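Residue 268 in our numbering sits at position 233 of the sequence shown, with consecutive numbering throughout.
As structure tokens, the structure follows; a few thoughts come after it.
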Amino acid sequence: MSASVRLQFLLPRLALTQAAGWLASRRWGAATTWAIRRFIARYRVDMSEAADPDPRAYASFNAFFTRALREGARPFAAEGLLCPVDGAISQFGPIEDGRIFQAKGHHYDATALLGGDAALAAGFRHGHFATLYLSPRDYHRIHMPCAGRLRRMVHVPGELFSVNPATAQAVPGLFARNERVVCVFDGEQGPFVMVLVGATIVGSMATVWHGVVNPPRPGAVRAWDYEAATAPVLARGAEMGRFLLGSTVVMLLPPGPWRFNPAWAPAGPIRLGEPMARRED
């Protein structure tokens, strides 16, 4: 385990995250613009893809982190499931008897990921997964891989470790330990789950139907169930949520003959709207 990962066990991760959330919401005029410019230079953010490329247009870091893309910046694949985010592939593949591969030597349980919901996890016991990492430089909005009707949302309290590759390789069960928001959808090809995983400094997660989910952080599981007649229905490619700064999305797909994009490989870059997977029935 690297020194940077060991240090995370000692740091007050929640306090750091709360402080970062407070700072990111401040509107400090020229000072905010200066900080945004520094961030762009440090992480080599491509502002030519933003709907508004001028750093002065963003009143706060939160507004900058959740910036929209310009029209046409991410064309959508004609068929199959869309990649829901910009970022990099952590891992993907089959779920083996309810176990999800995290990194060499590390698996975690789908039931734990889903907040202890064994009945929900059973439907994905032999399904497929994709774990997608968003770095600080990436576009931070999350989009729908296909059309879906929301069935349930669950906020699961947890740790706030970093979710970068080094931490994923060192901390057992990382994605089932960190704070997360579980979104369960019904689609034309069966149910699917999108898990938004929090991390150190990720001040909050939000969905388009609920708004900011966290904070608050009451320390207990919170769940919202949606009746079919009134549940939000989101189109393929529509925005479904967003992170502040960066984090990870874990996708769960039901059993079936899914074929992932043959160009995909662990640690490889991904872009919103590119092909992710398709059924080969």
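Ideal placement from N, C-alpha and C gives every residue a C-beta, glycine not left out.
All of these numbers come straight from a predicted model, not from anything done at the bench.
Look at the Cβ atom of residue i, then the Cβ atom of residue j, and state whether they are nearer than 8 Å.
i    : j    : result
M82  : F164 : no
M179 : T242 : no
F159 : I177 : no
A319 : A156 : What the structure shows of the chain is the stretch from 36 to 316, and residue 319 is not part of that stretch, so it cannot be assessed.
G303 : I124 : yes
G128 : R313 : no
M275 : N296 : no
G150 : V217 : yes
F120 : L169 : The sequence given here places Val at residue 120; Phe does not occur at that position. Contact flag set, yes.
S95  : R72  : no
G291 : L117 : no
Can you tell me which residues form a DSSP beta bridge with residue i?
i    : result
A123 : Y168 and P304
R184 : D221 and V268
W69  : Looking at the DSSP assignment, W69 forms no beta bridge with any residue, so it has no partner.
L288 : H163
N249 : M240
F74  : Answer by DSSP bridge pairing: none, since F74 is not bridged.
Residue i by DSSP, collapsed to three states: which one?
i    : result
F278 : strand
F196 : coil
E131 : strand
L148 : helix
A138 : strand
A14  : In this structure the chain extends from 36 to 316, so residue 14 is not present and cannot be described.
R212 : helix
I236 : coil
W57  : helix
P226 : strand
A205 : helix
I need the boundaries of the alpha helix (DSSP H) containing residue i, first residue and last residue.
i    : result
N97  : F96 to F100
A154 : A153 to A157
Could you give the residue range of the beta strand (DSSP E) that holds residue i?
i    : result
A312 : P310 to R314
A258 : R257 to D260
W299 : Here W299 belongs to no beta strand (DSSP E), and DSSP marks it neither H nor E.
H178 : R176 to H178
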